[in-house]
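S.K.: First, the structure itself, so that you have it in front of you.
Numbering (the numbering used here), first residue to last: 123 to 453.
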């Protein structure tokens, strides 16, 4: 049986990471779109370069030793003594490499925690298994979607109400844990407009794999218009079917778990639904937010995302259609 050459493993890693970096559909730490992620990627590339250099040097020395050892019984003597080789290759070079990495790591960590004047405050709480998002400056909240202005630092205060979660946006920032009873702050600046997928990077229970979110980085003017609009609660439904749907929402168990600004529903057990109609997904990116998926989620969310905390809701077809129409109108 032939053994795989040692160089094949590292090469496969490089090829896999390069292919992932070229795939714009997947979040990737090697495709940084924010200052936080860019600094982290820089440290990674430095570590990779040093590791590759050591690998090549060691491999080269092995080849040289094999070649020099041929032709004579004892081989040809080296110009570098054993003690010198040990001191240089085993002590001095590793110390220099580790010292360099220590300086770069500490410097990078300090840069990542730098607070900039005018940073936008956002509060994100990890729950089972979704994300509660609050904008305290504007006085509104949403869920599973975070909108930020391009070029402006964002200070995200991270908390958890149940177990340990880990907030991670690979293309914008590094991972930061959300620990019950502790407030951590993650600061980053999106450098380019786009939609960036985030996820929970700490196993937190049965639906950990479906606890995702998106960050929408938009131009500053677009963000200001969005924030001003969301600061105002939605008005009374003008459509008759949507008005009936609002009555169904307030009559059924929905209002006991969810909040909709401007209505008596003010619960915080489940996600805030004030702008549900404008969101791209349901269940923390589990399924697209369209009429069919929304109806299926209301009737039996366990069939869509098993283990989530929302019970099945039994409604007549007419009431279900009215409720979906109302929820779709919330923007």
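Ideal placement from N, C-alpha and C gives every residue a C-beta, glycine not left out.
For clarity, every value in this text was computed on a predicted model and none was experimentally measured.
(1) Closest to residue 113 by C-alpha separation, out of 291, 353, 314, 281, would be which residue?
(2) Taking only three categories from DSSP, how would you classify residue 152?
(3) With residue 279 and residue 361 assumed to form a contact (beta carbons below 8 Å), what rounded beta-carbon distance in angstroms separates them?
(4) In this structure, what does DSSP give as the bridge partners for residue 359?
(5) Three-state secondary structure (DSSP) at residue 374?
(6) What three-state label does DSSP hand residue 445 in the structure shown?
(7) Assuming the contact rule is C-beta atoms closer than 8 Å, residue 295 and residue 308 should be a hit. Round their C-beta distance to whole Å, please.
(8) My guess is that residue 291 and residue 248 are in contact by the Cβ rule of under 8 Å, so how many angstroms apart are they, rounded?
(9) If you draw a straight line from the alpha carbon of residue 145 to that of residue 413, how long is it in whole angstroms?
(10) Would you tell me roughly how many angstroms separate the C-alpha atoms of residue 143 and residue 153, rounded to the nearest one?
(11) Mind checking which residues open and close the alpha helix (DSSP H) that includes residue 261?
(12) For residue 164, which option in 221, 231, 188 has the closest C-alpha, if you only look at C-alpha atoms?
(13) Who pairs with residue 278 in a beta bridge, going by DSSP?
(14) Could you give the uninterrupted runs of the alpha helix (DSSP H) lying entirely in the segment 409 to 437, keeping only those of 4 residues or more?
M.R.: From the atom records:
(1) Since the displayed the chain opens at 123 and closes at 453, residue 113 lies outside it and no answer follows.
(2) coil
(3) Their Cβ separation, rounded to whole angstroms, is 38 Å, which puts residue 279 and residue 361 out of contact at 8 Å.
(4) For residue 359, which the question treats as bridged, DSSP gives no partner whatsoever.
(5) coil
(6) helix
(7) 6 Å
(8) Contact flag wrong, Cβ pair sits at about 14 Å.
(9) Note on residue 145: pLDDT 46, under 50, position unreliable in the model; no value is reported.
(10) The predicted model places residue 143 with a pLDDT of 45, which falls under 50 and marks its position as unreliable; any figure quoted below should be read in that light. Between residue 143 and residue 153, the C-alpha separation is close to 6 Å.
(11) Careful: residue 261 lies outside any alpha helix (DSSP H) and carries neither H nor E.
(12) 231
(13) 244, 308
(14) 413 to 426
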